[in-house]
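**Student:** First, the structure itself, so that you have it in front of you.
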Amino acid sequence: MEPTRTVSIIGTGSYLPEKVLTNRDLEKIVETSDEWIYARTGMRERHIAAADQASSDLGAEAAKKALEDAGIPATEIDLLIVATLSPDMFFPSTACFVQEKIGATNAFCYDLGAACSGFLYALDAAKNQILSGAVKTALVIGSEKMSTFIDWEDRGTCILFGDGAGAAVLRAGGEGRGIMQSAMGSDGSLADLLWTPGGGSRNPATHEMIDQRQQYLKMQGREVFKHAVVRMGEAVLQALEKNNLTVDDIKCFIPHQANIRIIDSIAKRLGIADRIYTNVDKYANTSSAALAIALDEAVKDGTIQKGDLVALTVFGGGFTWGANVLEWGK
Ligand code: UT7
C-alpha cells in the first residue's frame with residue numbers, strides 16, 4: 061500500500077452497560093452523599109457492567125456500532141487496538157477477544173496500556189500505521205470494566221468510576237486534514253499517585269496481597285487533580301501549535317471526563333468554557349473509554365459537524381497525558 065497524507069475517522073460507536081448506579085445508591089455502600097459527590101466531581105450516576113460482561117464484551121458492542129456507522133464489514137479491519145486498564149485477563153490481549161467476537165478475521169490485534177490516556181494514544185498509533193502505508197483501516201477501542209478494579213470500601217475512589225466502551229474506525233484518505241499531529245508526554249516518577257499496586261510481577265497474587273486490598277486502584281486524588289489540570293491545558297496548547305492552529309480555530313474541546321472541576325479549570329485557563337463537551341454527570345470516569353464515548357456522543361448529537369475542528373485531551377496513570385486535533389470529515 062502507498063503511504064497516505066490524511067487519516068480520517070469514518071465511524072464511531074459507544075456502549076454503556078444497562079445497570080445505572082446513582083449517587084444515592086452509593087450512599088448505601090460507603091459513607092458519602094449525593095451532595096458531596098456532585099459538588100466535588102459533577103457526577104450524578106455511572107453505568108456498571110453485569111457480572112458476566114468483561115471489557116471485551118463492552119468493547120465488542122461499541123465496535124459493532126462503529127462499524128455500522130462506518131458502513132464497512134469487520135473483515136475490512138487491518139489493525140485492531142484496545143486501550144484498557146481493565147483487560148479480560150493479563151493475556152491474551154482483550155483486542156484478540158474483541159476480534160473473535162466481531163469477526164475481524166483479517167486484523168492483527170494488540171492492547172495498549174496508557175491508563176486513562178489510552179484511547180488518544182491508540183488513535184495516534186493507528187493513525188501513524190495508516191500514514192506509513194502499513195495498514196488501510198484500523199479499529200480503535202477504549203473499553204473498561206472499572207467496577208472490578210476499584211475498592212468498593214474506599215469512598216475516595218469508588219464513587220469516581222464507571223464502566224463503558226467507545227470505538228472509532230480510522231481509514232486512509234478522506235476530506236480535510238483528518239487526524240492531525242498529537243502532543244503526548246509521560247512521567248513515570250509519579251506512578252505511585254495513581255496505580256493498582258498488586259496482581260502483577262512486582263506484587264503477585266497471594267492471600268496476603270489480597271488481604272491488603274492491593275489488587276484495587278489507589279489514588280492520591282488531590283495530587284492527581286493538580287497535575288491533570290496543568291498537563292491537559294499544556295498539551296492542548298502544544299497540539300494546537302504543532303498544527304499551526306489557535307484556540308479560536310477549535311469548535312469543540314473534548315477533555316478526559318474525570319471531574320467537572322478539572323474540566324472547568326482547563327476551560328477557564330484556555331478561555332474555552334463555551335466549547336467544552338462533557339458527560340461526566342452521566343457516566344463518571346470510564347478511564348480510556350471516556351474520550352471515545354464523548355466523541356461518539358458529540359458527533360451523534362450534532363455538536364460536531366463536517367468541517368469542524370475538534371481538540372481532544374487526556375490525562376491518566378503513569379502519569380500519561382496528551383492532546384490532538386482533528387478535522388471532522390464525515
Ligand atoms: O482518571 C485519572 C484522573 N483522575 C482524576 O483526575 C481524579 C482527580 N482527583 C479528584 O477528582 C478529586 O481529588 C477527588 C474528587 C478524588 C476528591 O476531591 P477533593 O476535593 O480533592 O477532596 P479530598 O480528597 O481533599 O477530600 C476532602 C474531604 C476529606 O475529608 P477531611 O480529611 O477534609 O475531613 C475526605 O475524607 O472529603 C472526604 N471525602 C469524602 N466525603 C464524602 C473523600 N471522599 C469522600 C466521599 N464522600 N466519597
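Residue numbers (this note's numbering): 61 to 390.
The beta-carbon is built from N, C-alpha and C at its ideal position, and this holds for glycine as well.
These figures come from a predicted structure and were not determined experimentally.
Alpha carbons only, please: which of Thr346, Gly378, Leu199 and Phe285 is nearest the one belonging to Ala186?
**Tutor:** Your numbering for residue 186 matches position 126 in the sequence shown. It is Leu199 whose Cα lies nearest to the Cα of Ala186.
**Student:** To which residues of the same chain is Arg335 closer than 6 angstroms at the C-beta, ignoring the five residues directly before and after it?
**Tutor:** Residue 335 sits at position 275 when you count from the first residue of the sequence shown. Cys312 and Phe313, listed in sequence order.
**Student:** Answer yes or no: the CB of Gly376 versus the heavy atoms of ligand 1, is any distance below 6 angstroms?
**Tutor:** To locate residue 376, count along the sequence shown from 1; it is residue 316. Yes; taking the cut-off as 6 angstroms, the Cβ of Gly376 has a heavy atom of ligand 1 nearer than that.
**Student:** So, does the CB of His107 fall closer than 7 angstroms to a CB anywhere in chain D?
**Tutor:** Absence of chain D from the displayed structure is noted, only one protein chain being present.
**Student:** CB Gly178 to CB Ala143, shorter than 7 angstroms?
**Tutor:** In the sequence shown, residue 178 corresponds to position 118, counting from 1. In the sequence shown, residue 143 corresponds to position 83, counting from 1. Going by C-beta atoms, Gly178 is nearer than 7 angstroms to Ala143.
**Student:** With 16 as the cutoff for other CB atoms within 10 Å, does Phe157 come out buried or exposed?
**Tutor:** For this step, residue 157 is matched to residue 97 along the sequence shown. So Phe157 counts as buried.
**Student:** In terms of residue numbering, what span does the alpha helix (DSSP H) encompassing Ser242 cover?
**Tutor:** Start at 1 with the first residue of the sequence shown, and residue 242 comes out as number 182. Element bounds for Ser242: n/a, residue is neither H nor E.
**Student:** Could you work out which residue in Gly258, Gly281 and Asp184 is closest to Leu250 when comparing CA atoms only?
**Tutor:** Taking the sequence shown and counting its residues from 1, the one referred to as residue 250 is at position 190. Of the candidates Gly258, Gly281 and Asp184, the one whose C-alpha sits nearest the C-alpha of Leu250 is Gly281.
**Student:** Quick check on the DSSP output: the alpha helix (DSSP H) that includes Val307 runs from which residue to which?
**Tutor:** Counted from its first residue, the sequence shown places residue 307 at position 247. From DSSP, Val307 is part of no alpha helix (DSSP H); its letter is neither H nor E.
**Student:** Between which two residues does the beta strand (DSSP E) harbouring Asp171 extend?
**Tutor:** Residue mapping note: residue 171 aligns to position 111 of the sequence shown, counting from 1. Phe168 to Leu172 is the span of the beta strand (DSSP E), which, as asked, contains Asp171.
**Student:** So which of Pro264, Ala288 and Asp341 has the shortest CA-CA distance to Gly378?
**Tutor:** The residue labelled residue 378 in the question sits at position 318 within the sequence shown. Ranking Pro264, Ala288 and Asp341 by Cα distance to Gly378 puts Ala288 first.
**Student:** Roughly how many whole angstroms lie between the Cα atoms of Phe209 and Gln365?
**Tutor:** As a position in the sequence shown, residue 209 is number 149, starting the count at 1. As a position in the sequence shown, residue 365 is number 305, starting the count at 1. The straight-line gap from Cα to Cα measures roughly 36 angstroms.
**Student:** Just to confirm, are Met244 and Val385 a CB contact at a threshold of 7 angstroms?
**Tutor:** Along the sequence shown, read from residue 1 onward, the residue named residue 244 stands at position 184. Along the sequence shown, read from residue 1 onward, the residue named residue 385 stands at position 325. No; because the gap between Cβ atoms is not below 7 angstroms, this pair is not in contact.
**Student:** Just to check, is the beta-carbon of Leu92 closer than 6 angstroms to a non-hydrogen atom of ligand 1?
**Tutor:** The residue you call residue 92 lines up with position 32 of the sequence shown. For clarity, residue 92 is Thr in the given sequence; the question names Leu instead. Yes, the beta carbon of Thr92 sits closer than 6 angstroms to at least one heavy atom of ligand 1.
**Student:** Among Ala371, Thr92 and Ala164, which residue has its Cα nearest to the Cα of Ala123?
**Tutor:** As a position in the sequence shown, residue 123 is number 63, starting the count at 1. Ala123 has its Cα closest to that of Ala164, out of Ala371, Thr92 and Ala164.
**Student:** Tell me, which residues are paired with Trp255 by DSSP?
**Tutor:** Taking the first residue of the sequence shown as position 1, residue 255 is located at position 195. Answer by DSSP bridge pairing, in chain order: Lys278.
**Student:** Can you tell me whether Gly193 is helix, strand or coil according to DSSP?
**Tutor:** As a working note, residue 193 is residue 133 in the sequence shown. Coil.
**Student:** With 16 other CB atoms within 10 Å as the buried threshold, where does Glu301 fall?
**Tutor:** Walking along the sequence shown from the start, residue 301 turns up at place 241. By the 10 Å Cβ count, Glu301 comes out exposed.
**Student:** For Met149, count neighbouring Cβ atoms within 10 angstroms of its own Cβ and tell me buried if that reaches 16, exposed if not.
**Tutor:** To locate residue 149, count along the sequence shown from 1; it is residue 89. It is exposed - the Cβ of Met149 has fewer than 16 other Cβ atoms within 10 Å.
**Student:** Quick one: what's got a C-beta closer than 8 angstroms to Asn166's C-beta in the same chain, skipping five residues either side?
**Tutor:** Counting from 1 along the sequence shown, the entry for residue 166 is found at position 106. Correct list, in chain order: Thr135, Glu136, Ile137 and Asp138.
**Student:** Going by the CB atoms, is the gap between Gly224 and Asp129 shorter than 7 angstroms?
**Tutor:** Start at 1 with the first residue of the sequence shown, and residue 129 comes out as number 69. Start at 1 with the first residue of the sequence shown, and residue 224 comes out as number 164. In this structure, Gly224 does not lie closer than 7 angstroms to Asp129 by Cβ.
**Student:** Compare the Cα-Cα distances from Ser153 to each of Ala126, Tyr181 and Gly119 and report the closest residue.
**Tutor:** Reading the sequence shown from its first residue, position 93 is the one you call residue 153. Nearest option by C-alpha distance: Gly119.
**Student:** From Asp341 to Asp324, what does the alpha carbon distance come to, in whole angstroms?
**Tutor:** The residue you call residue 341 lines up with position 281 of the sequence shown. The residue you call residue 324 lines up with position 264 of the sequence shown. If I take the Cα positions, the gap works out to 13 angstroms.
**Student:** For Leu127 and Pro264, I'd like the C-alpha separation in whole angstroms.
**Tutor:** Position 67 of the sequence shown, counted from the start, is the residue given in the question as residue 127. Position 204 of the sequence shown, counted from the start, is the residue given in the question as residue 264. C-alpha separation (whole angstroms): 38 angstroms.
**Student:** Taking the straight line between their C-alpha atoms, what separation do you get for Thr64 and Gly131?
**Tutor:** Here residue 64 is taken as the residue at index 4 of the sequence shown, counted from 1. Here residue 131 is taken as the residue at index 71 of the sequence shown, counted from 1. The alpha-carbon atoms of Thr64 and Gly131 are separated by roughly 21 angstroms.
**Student:** At 3 residues or longer, and completely inside the stretch 73-125: list those beta strand (DSSP E) runs for me, N to C.
**Tutor:** Those beta strand (DSSP E) runs which fall completely within the stretch 73-125 and span 3+ residues are 79-82 and 105-108.
**Student:** Going by Cα to Cα distance, which pick from Ala174, Leu355 and Ser246 is closest to Ala295?
**Tutor:** Taking the first residue of the sequence shown as 1, we reach residue 295 at position 235. Checked all of Ala174, Leu355 and Ser246; the closest Cα to Ala295 is Ser246.
**Student:** Count Cβ pairs between the stretch 356-372 and the stretch 93-108 that sit closer than 8 angstroms; are there 3 or more?
**Tutor:** Result no; under three Cβ-Cβ pairs closer than 8 angstroms.
**Student:** Nearest to Ala299 by alpha carbon, out of Ala383, Phe168, Ile97 and Leu140?
**Tutor:** Here residue 299 refers to the residue found at position 239 when the sequence shown is read from its first residue. Closest option to Ala299, Cα to Cα, is Ala383.
**Student:** Nearest by alpha-carbon distance to Met292: which of Thr217, Val374, Glu213 and Glu283 is it?
**Tutor:** Within the sequence shown, residue 292 is the residue found at index 232, counting from 1. Minimum Cα distance to Met292 is reached at Val374.
**Student:** Between Thr373 and ligand 1, is there a pair consisting of the residue's CB and a ligand heavy atom that are separated by less than 6 angstroms?
**Tutor:** Here residue 373 refers to the residue found at position 313 when the sequence shown is read from its first residue. No, the Cβ of Thr373 stays beyond 6 angstroms of every heavy atom of ligand 1.
**Student:** Is Glu268 helix, strand or coil by DSSP?
**Tutor:** Working through the sequence shown from its first residue, we reach residue 268 at position 208. Helix, per DSSP.
**Student:** Which residue comes first and which comes last in the beta strand (DSSP E) that contains Thr373?
**Tutor:** Along the sequence shown, one-based indexing puts residue 373 at 313. Looking at the DSSP string, the run of the beta strand (DSSP E) that includes Thr373 is Leu369 to Gly376.
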